[in-house]
Amino acid sequence: MLTTEAFNALLKTLEEPPGHIIFILATTDVYKLPPTILSRCQRYDFRLATDHEIKELLKDVSSKEKIKIEEKALDLVVQNAKGSYRDALSLFDVVYSGQENDRSEITAEEVSKVLGIPDIDSVIILLENLLLGNGVKSLEVVKKLEEKGTNLQQYTSFVLDILREILAGKITGDLDKKYSFAKDSDVKSVYKLINLFLETENKIRYASNQALVLELIIPEM
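At position 130 of the sequence shown the residue is numbered 125 (our numbering), and the sequence of numbers has no breaks.
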């Protein structure tokens, strides 16, 4: 987030750094760094962690801290970490701190409750009816979400995660059994749904009536 002028001011120090100082520059937008800065740095590119790597980390932590957690509960934490070690540990800490009974095993239900993760059944019902073109049933799902006080922005993001898995399954021909409702739908329909939910995700965060933004997907399908 440094300006060109700020980088130029930093450059002199980088060219002749004091012997007792090491500078560590971190960015997610490496293309914004001037070549004069990059040429004076050792560059290390870091990638997001895989789900397996994050799961192994959390298993190691739970073992050392003697925390009991269900496999499905662990999967939910991993899924919501989205490749970030830091977020994975932060979420795990939130889940552990929010445990009602310290001695019991952390369940998937507890994780969903503490992290506010939407119910996957409601996602599957909505997607199934949208693909079938059943507007009445789709509208009922949205209304129930609104009545429950579901965070619709988070819900939309969760739907996109599911749609990504469905799209991958349709392309590879290895669709997960729990998404069998999409078996007879063509890839174009899934692609259209993804684009509609991407638009919704972008609009819903600024909308005063979030349910309406979500409902607008129904006539489009």
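The beta carbon of each residue, even a glycine, is placed where N, CA and C say it ideally should be.
Could you tell me whether the segment 135 to 148 touches the segment 101 to 109, where touching means 3 or more Cβ pairs closer than 8 Å? They do not touch, by the three-pair rule.
For proline 113 and proline 30, what's the separation of their Cα atoms in angstroms? Per the coordinates, the alpha-carbon of proline 113 lies some 45 Å from the alpha-carbon of proline 30.
Once DSSP output is grouped into helix, strand and coil, what is the label at isoleucine 213? Looking at isoleucine 213 - three-state DSSP - the assignment turns out to be helix.
Assuming serine 180 is part of the alpha helix (DSSP H), what are its boundary residues? Careful: serine 180 lies outside any alpha helix (DSSP H) and carries neither H nor E.
Give a yes or no on whether the C-beta atoms belonging to aspartate 46 and valine 72 are separated by under 7 Å. Their beta carbons are not under 7 Å apart, which means aspartate 46 does not touch valine 72 by this criterion.
Can you round the beta-carbon distance between serine 85 and leucine 43 to whole angstroms, since I take them to be within the 8 Å contact cut? With a Cβ gap of about 15 Å, serine 85 and leucine 43 do not count as contacting.
In chain order, what residues of the same chain lie with their CB nearer than 8 Å to the CB of isoleucine 278, ignoring the 5 residues before and after it? Given a span of -4 to 216 for the chain in the structure shown, any question on residue 278 remains unanswerable.
Nearest to leucine 155 (by Cα), restricted to the options Lys165, Tyr186, Ser175, Leu140: Ranked by Cα distance from leucine 155, the first of Lys165, Tyr186, Ser175, Leu140 is Tyr186.
Would you call the segment 88 to 95 and the segment 113 to 130 in contact, with 3 or more CB pairs under 8 Å? No contact exists between the segment 88 to 95 and the segment 113 to 130.
Going by other Cβ atoms of all chains shown within 10 Å of its Cβ, with 16 needed for buried, is leucine 193 buried or exposed? When all chains shown are included, leucine 193 counts as exposed.
The alpha helix (DSSP H) spanning valine 131 covers which residue range? Run containing valine 131: 130 to 143, per the alpha helix (DSSP H) assignment.
Thinking C-alpha only, which one of Pro13, Leu134, Glu48, Lys138 is nearest methionine 216? Residue nearest to methionine 216 within the set Pro13, Leu134, Glu48, Lys138 is Leu134 (criterion: CA-CA distance).
To which residues does DSSP link isoleucine 64 through a beta bridge? DSSP, once it has assigned bridges, lists Ile101 as partnering isoleucine 64.
Nearest candidate by alpha-carbon position, reference leucine 52, set Gln37, Asp70, Arg38: It is Asp70.
Residue of Lys139, Ile16, Asp82 minimising C-alpha distance to lysine 217: Lying before the first or after the last residue shown, residue 217 is absent from the chain, which here runs from -4 to 216.
Express the C-alpha separation of isoleucine 101 and glutamine 94 in angstroms, rounding to a whole number. Glutamine 94 and isoleucine 101: Cα-Cα distance of roughly 7 Å.
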